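Colleague:
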Amino acid sequence: MKKTFAGLAFALASAASLGGAAYAQENKEVTIAVSIPAADHGWTGGVVYHAERAKAALEKAHPGLKIIVKTSPDGATQANALEDLTTQGVDALVTLPHNSDELTDPIRQVKDKGIFITVVDRALSDPSIQDLYVAGNNPELGRVAGEYMKEKLGTADVVVIRGLPIVIDEERQKGFDDAIAGSGIKVLDKQFGNWSRDDAFKVMQDFLTKYQKIDAVWCQDDDMAVGVLEAIQQAGRSDIKMVIGGAGMKDMIKKVQDGDPMMPVDVLYPPAMVATAMELTVANFYDQVPVRGRYILDATLVTKDNAAEFYFPDSPF
Amino acid sequence: MTDLAATGKPVRRSWKDVDLRAVAPFVALAVLLVFGTIVNPTFIGIDNLLNVATRSAFIAIIAVGATFVISAGGLDLSVGAMSAFVAGVMILFMNAAPLDGNLPMLAAAMLLAVGVGAACGLANGLITTVGRIEPFIVTLGTMGIFRALTIYLAEGGSIAMKSQELRATYRPVYFGDVFGVPVPIIVVAVVAIIGAFILYRTSFGRHVIAVGSNDDVARYSGIPVNRVRTVTYIIQGICVAIAVLVYVPRLGAATPTTGLLWELQAITAVVIGGTALRGGVGRIWGTVCGALILEVVGNIMVLSDLVSEYLIGAVQGAIIIIAMLVQRSLSRR
Amino acid sequence: MSVAVPRASTIPATAAPLMEVRGLAKAFGMVEVLKDIDLTIASGEVHAIIGENGAGKSTLMKLLAGHLQPTRGTLSIDGDPVAFAGPVDAEHRGIVLVHQEILLAPDLTVAQNIYLGRELRRGFTVDDRAMNEGAAAAVRSLGADIDPSVVVGRLSIAQRQLVQIARALLVPHRLVIFDEPTASLTPTETEALLAVIDTIRRKGVAVLYISHRLPEVKAIADRVTVLRDGRRVTSELADRLETADMARLMVGRDVSKLYPDHRAAAGDEAVLEVEGLDVPGYAKGATFRLKRGEILGFAGLIGAGRTELMEGLVGLRTAHGAVRLDGRPKRFSDVRDSMRAGIVYLSEDRKGKGLLLAESLRINLTLAALGRFVRGFLIDKGRERTALDGAIEEFDIRTRRKDLLAGQLSGGNQQKLLIAKMMLLDPSIIIIDEPTRGIDIGTKEQIYRFIASLAEAGKSVIVVSSEMPELIGICDRILVMREGRIVAEVSGEHMNENEIVVHATGATAEEAALVAERA
């Protein structure tokens, strides 16, 4: 799995190679808390899955290590969970916050107790709090999709289905808009699909009614792409040349691999980044590696040629 | 329901005798249809209308069940999570493929789904009545339980139908049509007809209204109040299962967003339809109309270029409130 | 029932009329429910308005208190014509209405209720101490003693009524309208209330008093106005009318014979035998027999456990003990069991437990016996309508239209509907709790006749009532309960109020005699 994160290969390689040298510290008692959103859609489901996987692997590798994984359905609950976790006495916190504004202060309070903070995916309002930041590249996810459309289609009428109105969505949208600026790609309409298959299905149905000719759909998330494809199939429309999602859901990667004409590429935004963040945080305690800083994962364009590298049939996402 | 005086003397019914409260949701729907057509003429196209009506099927079917629960003075917040759970169990069963042949498999899976739905409803009903706990709290609890069980079954991801062949067999249940009428619309009509029949014409239906109207009077009249309440929850569970039967073939999967907020949509549809949230009044056809109104509002919003995509929620909320105000002013006349 | 209240010694006959009503009329749609009413209300006078249900008393009262606007006619106060925009407007002019139903928040204290919506403030906070003091004073001025910091839910009905009156009288008032204030009070409580009204009168306030209970009217009123069918029959000084006169004027015929002749059951065959029945918390060791064709009364003070005993007997409450029906032991763990065995119980709480007020007459009528109207899976609405026609005929339910809701009927007609509903079960034993509470005299007479005819037909009836004359008038025997136990059985010449009061209160014979003397 490590090879998926080109930008991280170096850090992980050094962590792994130095692991042996830190042999004497293997039995050190370290407790790490992991606070992430509950599985409310496919991608967060993947986050939970990878967090649990990483916990099992890391605890096996380091006998003195204890990892507590806590999922929370919303921001307020997560703030409470952070307090609970801290009172249990932890050495580090790995967190994927529900939203930046609401959770910046609760995380700052954890930091004030001298705990090592790793933030995943969603940046805090005050970046000085975090010791380590691991994230996908949201503007890049939009940009890569936009560039691909520009290159393949030249001029085209495109509809966009957005996620939820939060920072991630805005960043992706902006990346996309910047990429297509001044090109022949014209956005007919934008609506929110709430990162839900059902809602994306409805919105796509309505787009199909509203516009007689649509060349391509950008829906920035593979879960929503499922609903979009179903709506197109039902309408029996042949004008749509491609649907571009994002994240790297296994079903979609499979379609790319199989050469589905509707789904020529996918853009990566892997939920496994939480595992990366946990591995790096553990490395901070057991290995002599300075891991502080920002680790941004590439928004890799998955094509028919490299799809096999990114296809994990066992993953839930 | 024409209540002619039983003296045999023919009573002339003028339009003043029509219960405007029962008609109000249909008036609101008609107004919305006109509004939608003005905003975007493609709205009134038969394809679009069929799409919208088909999409409203899940909420409409669930809301028919909710009409029973609410008429009897109860409430069920767990229907959304229950939908996801029933869908998950059904798909896992089909993926396990214990039977040969696609049709027997489908039939067995459907029976299983209805059974699971009924069992979930029975649990809600028994905890509410035997445990004497507010239905709000009980179903809030089971909502969490059903949702968590679904996520557990899905191991955090989604549960998708594996067999493409089975999927193809099942697909027409959502996408197919009979003489041009999409199957889900037919299912809604059948469920509503049966629901109306039970609520208006059987003694059980009469008991539901009596229990919701005043459970003391019902008890003193010898009506088994707890049994009636419990059965309304079972009906709700079965309706959820029927909605799932139509939902699964659409996207072939149960995901963590399946059924999200359906409970609120169903309750909204019931209330827009003229059923009193305090119980004692039940309007099946109004409920179906309410579900249509909800879906039509969303459809008009996407088809129009009136407001920014950020404000759609606000406009939807406002339209629902206005629809209720219109209804209230009609019934107060 | 008789009540004694000190009469104001002089009526200020020369006092200018406070309010004058001329040619007042009110129509709802095509139906005129009140026609050409003239009325003069003077300060310092209790003016009683009496009439049968449907005579227009409530409408008149609502017109005077600004809840309704008249179709024709004038109201004037101190000689100036007025038109009320609403109840608040009327209140500003000093007219307050004390409602029949208790309209208080049970979870708030006495003081909080009295000051609800007009809280006293100190700065930004409510001034609880001042409100408690004010409430205590208000209650004390009515001659009662209630702790203002107690929550209303813990008060008796009578105490709640006092709180409600205290609340109404908090605003400056010149005319107080009481709408059947004694409908749910015991004799002692009624007496206390009449004393309160007398206090109000002595302050020079005008009182409009609406009631069904003629002895009370006789006791408290200075002037009596009789309404019948929406018209004023007469206005007369109370001294010049006896209760029998009032009844005759109300009904329009002679009703001196209120209670029907009823021959005590000949046989000694017990249809129902109850032995040592306990209803935990309410009744203990109840033992009695009910004979075929008998009317058995249950007397006692409110709270003596009569209602709860009956509810325990038919399976509406948990109860332990032996019950034999026609000699065979029975257990009723659910009210449906006793219904199937032919016993029905008609609750004292007509509006809360007897009828679905928001549903039609038809739905109410058939609710308990719905199984009889089902063919296949369907309710046969035609048969239901036929049954409703039959019930309207048989029980003389007076209703303008058959599609009215039960809540739109008058109290008396609601009671008839409830009786009709339970009689559809074709019972052999009928238990009626407070059969005539809040019902006018004409309807009372009908209900008594109906109870007697049930007994004549060989059915057995238990009547639970707080109105002793009614029990004495129609029952063959009366059992008296006190504090959850059956303490006495009276029959024959012992069936008199004096003796029943002795048993019901546990008072000595001398004390009882004193009460009787005052009565």
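Residue numbers (my numbering), protein chains in the order written: chain U, 56 to 372; chain B, -9 to 323; chain F, 80 to 598.
For glycine and all other residues, C-beta sits at the position ideal for the given N, C-alpha and C.
These figures come from a predicted structure and were not determined experimentally.
Helix, strand or coil: which one does DSSP assign to glutamate 114 (chain U)?
Modeller: Here glutamate 114 (chain U) sits in helix by DSSP.
Colleague: With 9 Å set as the bound, which would you pick, yes or no: does the beta-carbon of alanine 76 (chain U) sit closer than that to a beta-carbon of chain B?
Modeller: Residue confidence for alanine 76 (chain U) is low, a pLDDT of 44 falling below 50, so the modelled location carries little weight and cannot support an answer.
Colleague: Can you tell me whether phenylalanine 529 (chain F) is buried or exposed? The criterion is at least 16 other CB atoms within 10 Å of its CB, across all chains shown.
Modeller: buried
Colleague: Of all Cβ atoms in chain U, is any one closer than 9 Å to the Cβ of arginine 345 (chain B)?
Modeller: Since the first residue of chain B shown is -9 and the last is 323, residue 345 (chain B) is not available in this structure.
Colleague: When the cut-off is 9 Å and only beta carbons count, does serine 33 (chain B) lie next to chain U?
Modeller: The question names serine, yet the displayed sequence has phenylalanine at residue 33 (chain B). Cβ-Cβ to chain U under 9 Å: yes for phenylalanine 33 (chain B).
Colleague: Would alanine 79 (chain U) count as contacting chain B if we go by Cβ distances under 9 Å?
Modeller: Caution applies to alanine 79 (chain U), whose pLDDT of 48 falls short of 50 and renders its modelled position unreliable; the model cannot decide the point.
Colleague: Measuring only between beta-carbons, confirm whether glycine 237 (chain U) sits less than 9 Å from chain B.
Modeller: False, the Cβ-Cβ gap to chain B never drops below 9 Å.
Colleague: Taking the alpha carbon of glutamate 546 (chain F) as the point to measure from, which residue in F:Ile557, F:Leu444, F:Lys538 and F:Val540 has its own alpha carbon closest?
Modeller: Checked all of F:Ile557, F:Leu444, F:Lys538 and F:Val540; the closest Cα to glutamate 546 (chain F) is F:Ile557.
Colleague: Using CA coordinates, which residue listed in F:Arg564, F:His252 and F:Ile279 is at the minimum distance from leucine 221 (chain F)?
Modeller: F:Ile279
Colleague: Any beta carbon from chain B within less than 9 Å of isoleucine 431 (chain F)'s own beta carbon?
Modeller: Strictly speaking, residue 431 (chain F) in this sequence is glycine, with isoleucine absent from that position. Cβ-Cβ to chain B under 9 Å: yes for glycine 431 (chain F).
Colleague: Under 7 Å Cβ to Cβ from alanine 79 (chain U), same chain only, skipping five residues before and after it: list those, please.
Modeller: In this prediction, alanine 79 (chain U) scores a pLDDT of 48, lower than 50, which makes its location untrustworthy; no coordinate-derived value is stated.
Colleague: Which whole runs of the alpha helix (DSSP H) in the segment 29 to 114 of chain B are 4 residues long or more, in chain order?
Modeller: Inside the segment 29 to 114 of chain B, DSSP marks whole alpha helix (DSSP H) runs of 4 or more residues at positions 36 to 45, 47 to 61 and 69 to 86, from first to last along the chain.
Colleague: Enumerate in chain order the residues of its own chain whose CB-to-CB distance from lysine 245 (chain U) is below 7 Å, with the five nearest sequence positions on each side excluded.
Modeller: Val215 and Arg217
Colleague: Can you name the residues that DSSP bridges to methionine 98 (chain F)?
Modeller: F:Ile120 and F:Ile156
Colleague: What residues from chain U crowd round asparagine 85 (chain B), counting only those whose CB sits closer than 8 Å?
Modeller: Per Cβ cutoff of 8 Å: no residues; asparagine 85 (chain B) is ~14 Å from chain U at best.
Colleague: Less than 9 Å between CB atoms is the rule here; does proline 174 (chain B) satisfy it with respect to chain U?
Modeller: Taking CB atoms only, proline 174 (chain B) has no neighbour in chain U less than 9 Å away.
Colleague: Can you tell me whether histidine 582 (chain F) is buried or exposed? The criterion is at least 16 other CB atoms within 10 Å of its CB, across all chains shown.
Modeller: buried
Colleague: Using CA atoms only, rank isn't needed, just tell me which of F:Arg516, F:Ile225, F:Gly376 and F:Ser412 is closest to alanine 398 (chain F).
Modeller: Checking every option, the nearest Cα to that of alanine 398 (chain F) belongs to F:Ser412.
Colleague: Name, in chain order, the residues that DSSP records as bridge partners for glycine 130 (chain F).
Modeller: Paired residue(s): F:Leu306.
Colleague: Is the beta carbon of glutamate 99 (chain F) closer than 9 Å to that of isoleucine 520 (chain F)?
Modeller: no
Colleague: Answer yes if the segment 108 to 128 of chain B comes into contact with the segment 214 to 224 of chain B, meaning at least three C-beta pairs across the two stretches below 8 Å, and no otherwise.
Modeller: yes
Colleague: Counting only Cβ pairs nearer than 9 Å, list the residues of chain B close to alanine 499 (chain F).
Modeller: The contacting residues do not exist; alanine 499 (chain F) stays about 13 Å from chain B at best.
Colleague: Using a C-beta cutoff of 9 Å, does serine 193 (chain B) count as contacting chain F?
Modeller: yes
Colleague: Measure the alpha-carbon distance for valine 59 (chain B) versus isoleucine 135 (chain B) and round it to whole angstroms.
Modeller: In this structure, the CA atom of valine 59 (chain B) is about 20 Å from the CA atom of isoleucine 135 (chain B).
Colleague: Quick one: is isoleucine 224 (chain B) near chain F, going by C-beta distance under 9 Å?
Modeller: False, the Cβ-Cβ gap to chain F never drops below 9 Å.
Colleague: Can you pull the chain B residues whose beta carbon is under 8 Å from the beta carbon of serine 127 (chain U), in chain order?
Modeller: Within 8 Å of the CB of serine 127 (chain U), no CB atom of chain B is found; the nearest one sits about 13 Å away.
Colleague: Short check: CB of arginine 415 (chain F) to CB of lysine 409 (chain F), under 9 Å?
Modeller: no
Colleague: I need the boundaries of the alpha helix (DSSP H) containing valine 502 (chain F), first residue and last residue.
Modeller: According to the sequence as given, residue 502 (chain F) is methionine; it is not valine. Its alpha helix (DSSP H) spans residues 490 to 502.
Colleague: Quick check on isoleucine 170 (chain U): does DSSP put it in helix, strand or coil?
Modeller: coil
Colleague: Give me the subset of the segment 198 to 214 of chain B whose CB atoms are less than 9 Å from a CB atom of chain F, sorted by chain position.
Modeller: Ile199, Ala200, Ser203, Asn204, Asp206, Val207, Ala208, Arg209, Tyr210, Ser211, Gly212, Ile213 and Pro214
Colleague: Exposed or buried, what is valine 175 (chain U) when buried is set at 16 or more other beta-carbons lying within 10 Å of its beta-carbon?
Modeller: So valine 175 (chain U) counts as buried.
Colleague: Reducing DSSP to helix, strand and coil, say where tyrosine 190 (chain B) ends up.
Modeller: If DSSP states are grouped into helix, strand and coil, tyrosine 190 (chain B) belongs with the helices.
Colleague: Please report how far the alpha carbon of alanine 326 (chain F) lies from the alpha carbon of alanine 106 (chain F), in whole angstroms.
Modeller: 26 Å
Colleague: Taking all protein chains shown into account, decide if isoleucine 471 (chain F) is buried (16 or more other Cβ within 10 angstroms of its Cβ) or exposed.
Modeller: buried
Colleague: Which first and last residues belong to the alpha helix (DSSP H) in which glycine 280 (chain B) is found?
Modeller: Start and end: 274 to 293.
Colleague: Can you tell me whether isoleucine 184 (chain B) is buried or exposed? The criterion is at least 16 other CB atoms within 10 Å of its CB, across all chains shown.
Modeller: exposed
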